[in-house]
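Going by the numbering used here, the residue at position 70 of the sequence shown is 596; the numbering climbs one at a time, nothing skipped.
One structure is given here, and the rest of the page talks about it.
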Amino acid sequence: MSGALPFGLLRHHGAMLLAGARIVGHTLRPPAAGTNIAPVTRTIPAPPTDLVAEYLAWAGADGRYAGELPPHMVSQWSLPLVGELLLRTAYKLTSVINQGVDLRVRGPLPRGVPLRLSAAIEKMEEAPGRAKVVVVVSTGTTQQPALVETRLHMSFLQPGPRPLKTPQPPRPAEPQWHTAGSWRADRRDGLHFALLTGDFNPIHWCAPLARQSVFKGMVLHGFGSLVRSYEVLMRHGLAFSEIEVRFLKPVPLPSPMLCVQVGDTSRAPHAQAPDADMAEAPAGWCALRLVSGGDGDGDTVHLAGRLR
Numbered sequence: 527m528s529g530a531l532p533f534g535l536l537r538h539h540g541a542m543l544l545a546g547a548r549i550v551g552h553t554l555r556p557p558a559a560g561t562n563i564a565p566v567t568r569t570i571p572a573p574p575t576d577l578v579a580e581y582l583a584w585a586g587a588d589g590r591y592a593g594e595l596p597p598h599m600v601s602q603w604s605l606p607l608v609g610e611l612l613l614r615t616a617y618k619l620t621s622v623i624n625q626g627v628d629l630r631v632r633g634p635l636p637r638g639v640p641l642r643l644s645a646a647i648e649k650m651e652e653a654p655g656r657a658k659v660v661v662v663v664s665t666g667t668t669q670q671p672a673l674v675e676t677r678l679h680m681s682f683l684q685p686g687p688r689p690l691k692t693p694q695p696p697r698p699a700e701p702q703w704h705t706a707g708s709w710r711a712d713r714r715d716g717l718h719f720a721l722l723t724g725d726f727n728p729i730h731w732c733a734p735l736a737r738q739s740v741f742k743g744m745v746l747h748g749f750g751s752l753v754r755s756y757e758v759l760m761r762h763g764l765a766f767s768e769i770e771v772r773f774l775k776p777v778p779l780p781s782p783m784l785c786v787q788v789g790d791t792s793r794a795p796h797a798q799a800p801d802a803d804m805a806e807a808p809a810g811w812c813a814l815r816l817v818s819g820g821d822g823d824g825d826t827v828h829l830a831g832r833l834r
């Protein structure tokens, strides 16, 4: 991606940067585990015009969303609220793994008006070696408070042994895949998306620290891979109001060419996703995946899910 990085956007991410500082303190002295964590509700100013314009350009959505905000921009305004909820848990927040996102659009988000946000922990499950948390974020206005509903699926590594793997049931047959379009991430896209959203996890932009992580190098934000893939689908002319994805393998930075593929529209097998309830979808859903590699069984699947 050519052009200078928009470092001036840092001024719009005070809430997220403050949340990051609190996460560091939480890691050093985690509180006792909360059992009944109350929802969080906020009304925030409209996202600034320059931030929205830069975000749309990065997403590949120039000329789209006239007078509206893209629904996937939710990562920019929701993460401080999500962080506030997670800070009330005893989980080590630096060990969080973003496993996936569900996005349901009930109506267009108007641009230039304050946003009303609410966030709540929907599910919190613990198992040996891992804890799973699902946070629901509703975004809207004072008059219409639930225009976009987002579910963030997260996993936290826990001390102790992991459970032994159990035999998996046979995978459903793969659909016939069709490539809707493609995109590629360059080495600076991790930092660029961080400047758009305020998510400055160093694995996305600091090569020396990223090489010490489990990924052994810089990777794109999971939400970033969803945003780019979402806009490829929109350019392809697909109309949908719900999309559910799971992040299977991070997109490395820089990346190879990545293909956004959709399957048949009758049933949507989700063979590679970790969630049992997504193994096979009811009629009306369309299978979705983001792949790199060849054109067959050797493909690397980075993102898998469904839409309707």
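Here a beta-carbon is modelled for each residue, glycine too, at the ideal position from N, C-alpha and C.
Which residues does DSSP pair with residue i in a beta bridge?
i    : result
A813 : R832
M650 : V659
V827 : V817
R590 : According to DSSP, R590 bridges with nothing at all.
A645 : V566, V663
P778 : V745
G626 : H679, R772
L595 : L635
Under the three-state reduction of DSSP, which class applies to residue i: helix, strand or coil?
i    : result
G716 : helix
T676 : strand
S767 : coil
D576 : helix
F533 : helix
F682 : strand
T668 : coil
P606 : helix
L759 : helix
G707 : strand
A797 : Since pLDDT at A797 reaches only 43, below the 50 mark, its modelled position is unreliable, and the value read off the structure follows with that caveat. Coil, per DSSP.
V639 : coil
A564 : coil
A699 : coil
F726 : coil
G748 : helix
V788 : strand
V740 : coil
L619 : helix
R614 : coil
G633 : coil
A733 : helix
H538 : helix
A802 : Bear in mind that a pLDDT of 49 at A802, under 50, signals an unreliable position, so the number given afterwards is only what the model happens to contain. Three-state result, A802: helix.
If we call anything under 8 Å between Cβ atoms a contact, is residue i one with residue j?
i    : j    : result
A699 : V777 : no
H679 : V788 : no
S767 : R630 : yes
W584 : H747 : no
R637 : A672 : no
T723 : Q625 : no
A646 : P606 : no
T665 : V674 : yes
H828 : L764 : no
V566 : T676 : no
F682 : S621 : yes
G655 : Q702 : no
G831 : H762 : no
V657 : E651 : Reading off the sequence shown, one finds Ala at residue 657, where the question assumed Val. Cβ distance < 8 Å, so A657 and E651 count as in contact.
W709 : G819 : no
Give the C-beta separation of residue i and residue j to the nearest angstrom, bearing in mind that I take them to be a contact with Cβ-Cβ under 8 Å.
i    : j    : result
V627 : V771 : 6 Å
L536 : L833 : Between L833 and L536 the Cβ distance is about 33 Å, and since that is not below 8 Å, they are no contact.
L816 : L784 : 6 Å
I729 : V745 : 6 Å
H538 : P574 : 6 Å
L779 : G716 : 5 Å
L531 : R714 : 6 Å
G589 : F726 : So it is not a contact: roughly 29 Å between Cβ atoms.
Could you check whether the Cβ of residue i sits closer than 7 Å to any heavy atom belonging to the ligand MN?
i    : result
V578 : As far as ligands go, the structure on display features none, and thus does not contain the ligand MN.
Please confirm whether residue i has its beta-carbon closer than 8 Å to some beta-carbon of chain C.
i    : result
Q602 : Reference to chain C is not applicable here, since this structure consists of a single protein chain.
* Contact the stretch 751-759 vs the stretch 570-580: 3+ CB pairs below 8 Å -> no
* Say whether the stretch 593-608 touches the stretch 633-653, bearing in mind that this needs 3 or more beta-carbon pairs closer than 8 Å, one atom from each stretch. => yes
* Assess, as a yes-or-no matter, whether the stretch 612-621 is touched by the stretch 647-664 under the definition of 3 or more beta carbon pairs within less than 8 Å. => yes
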